[in-house]
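Peer 1:
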Amino acid sequence: MPVEEFVAGWISGALGLVLGHPFDTVKLLGFFKGMSFPIASIAVVNSVLFGVYSNTLLVLTATSHQERRAQPPSYTHIFLAGCTGGFLQAYCLAPFDLIKVRLQNQTEPRAQPGSPPPRYQGPVHCAASIFREEGPRGLFRGAWALTLRDTPTVGIYFITYEGLCRQYTPEGQNPSSATVLVAGGFAGIASWVAATPLDVIKSRMQMDGLRRRVYQGMLDCMVSSVRQEGLGVFFRGVTINSARAFPVNAVTFLSYEYLLRWWG
Ligand SMILES: C[N+](C)(C)CCCC[C@H](N)C(=O)O
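Note that full-length UniProt numbering gives residue 234 to position 234 of the sequence shown, counting from 1, and the numbers run on in steps of one.
Structure (C-alpha cells):
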C-alpha cells in the first residue's frame with residue numbers, strides 16, 4: 001500500500017491547521033488555547049483522510065497518484081473515495097475533536113490563586129476525566145454526528161478540488177500553485193458550508209453529558225435546536241467556518257501536492 005500519501009497528508013494537515021487555529025477558537029471565545037494538541041491530532045487525522053482517499057482511488061481505478069494526471073479518475077470514483085476517506089477519518093477524529101470542543105468551551109477566566117482548578121487541566125487530563133466520568137464510549141460522544149457530517153462532505157471536498165484543478169489546468173499537466181491554492185481553498189469552503197448544519201449538532205452532542213443530559217440522541221438534538229432557535233441554527237458559524245476553511249485547505253492541498261511531487 002503506497003504510504004507517501006499518508007505522510008504527505010500528515011504534514012500538510014499540520015501546516016493547514018496552524019493557519020486555521022485562531023479562526024477555530026474565535027467561534028468558541030478563547031484565542032490560541034491549546035495549539036499543540038490539535039496539531040498532533042490533525043496530523044494523524046489528515047494522514048488517514050488523504051491516505052485512505054488515495055488508496056481507495058487506487059483500488060477503484062488502478063491508478064497511482066502519479067498516473068492520475070494522465071488518466072484522471074471519474075467524479076463518481078473521486079466522490080466514493082472521498083466518502084470512504086471522510087468516514088474513516090471521522091472515526092479517528094472523534095475523540096480528539098471531543099477533547100478540543102470540551103477544552104475550548106471551558107472559558108472561565110484564568111484561575112486565581114486559591115480558587116478551584118478548572119474541570120479539565122489539559123488534553124490528557126480531559127481524556128482521562130471523560131473516560132472516568134462517562135466511560136470509554138464517552139470518548140466517542142457525538143461520533144455519529146461527526147461521521148454523518150464528514151462522509152458526504154469529504155466527497156464534496158475532493159470533487160470541488162479536482163473539478164477546479166481540471167478547469168484551470170491544460171490536459172495532462174500538473175496544476176499550478178495558484179490553481180492548487182484556489183482550488184484547495186474553495187474545496188474547503190464548499191465542504192464546510194455543507195458540513196455546518198451537522199457540525200452544530202455534533203458540537204452540541206459533544207457538550208451534552210457534561211452536566212445533566214439534555215438530548216436523547218442526534219435527532220432529538222436537531223428537533224429541539226430547531227424548535228428553540230429556528231432553522232437558522234443550522235448555519236451557526238458558517239461564516240467563520242468558511243473564513244477558516246479557505247487558508248487551511250489552500251495550504252493543506254498546496255503542501256500535499258508539492259510533497260508528493262517532490263518525492264517523485
Ligand atoms: C468535511 N469537513 C468539511 C468537515 C472537513 C474537511 C477536512 C478539511 C480540513 N482538515 C479542515 O479542517 O478544514
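Backbone N, C-alpha and C fix where the C-beta goes; we use that ideal spot for every residue, glycine too.
What you are looking at is a predicted structure, and each value in this text was computed from that prediction instead of being measured.
(1) Whole-angstrom Cβ separation of Pro-175 and Cys-165, contact assumed at under 8 Å?
(2) Under the rule that 16 or more other beta-carbon atoms within 10 Å means buried, what is Arg-141, buried or exposed?
(3) Taking only heavy atoms of ligand 1 into account, decide whether any of them is closer than 8 Å to the Cβ of Gly-237.
(4) Between Phe-96, Val-233, Arg-244, which lies nearest to Ala-186 when the distance is taken from Cα to Cα?
(5) Is Arg-204 near ligand 1, with its Cβ less than 8 Å from a heavy atom?
(6) Once the 5 residues before and after Ser-47 are set aside, which same chain residues still bring their CB inside 6 Å of it?
(7) Just the Cα atoms here: how many angstroms apart are Ala-183 and Arg-212?
(8) Pop quiz: Gly-16 and Asn-241 are said to be a contact at Cβ under 8 Å. What is the actual Cβ separation, rounded to whole angstroms?
(9) Given a cut-off of 9 Å on the beta-carbon distance, is the pair Pro-2 and Leu-60 in contact?
(10) State buried or exposed for Leu-29, treating a residue as buried only when at least 16 other CB atoms are found within 10 Å of its CB.
Peer 2: Let's see:
(1) 4 Å
(2) buried
(3) no
(4) Correcting the residue identity first, residue 186 is Phe in this sequence and not Ala. Per the Cα distances, Arg-244.
(5) no
(6) Phe-6, Gly-9, Trp-10
(7) 43 Å
(8) Rounded, the Cβ-Cβ distance is 14 Å, inconsistent with contact.
(9) no
(10) Its pLDDT being 49, under 50, Leu-29 is placed unreliably by the model, and nothing is read from it.
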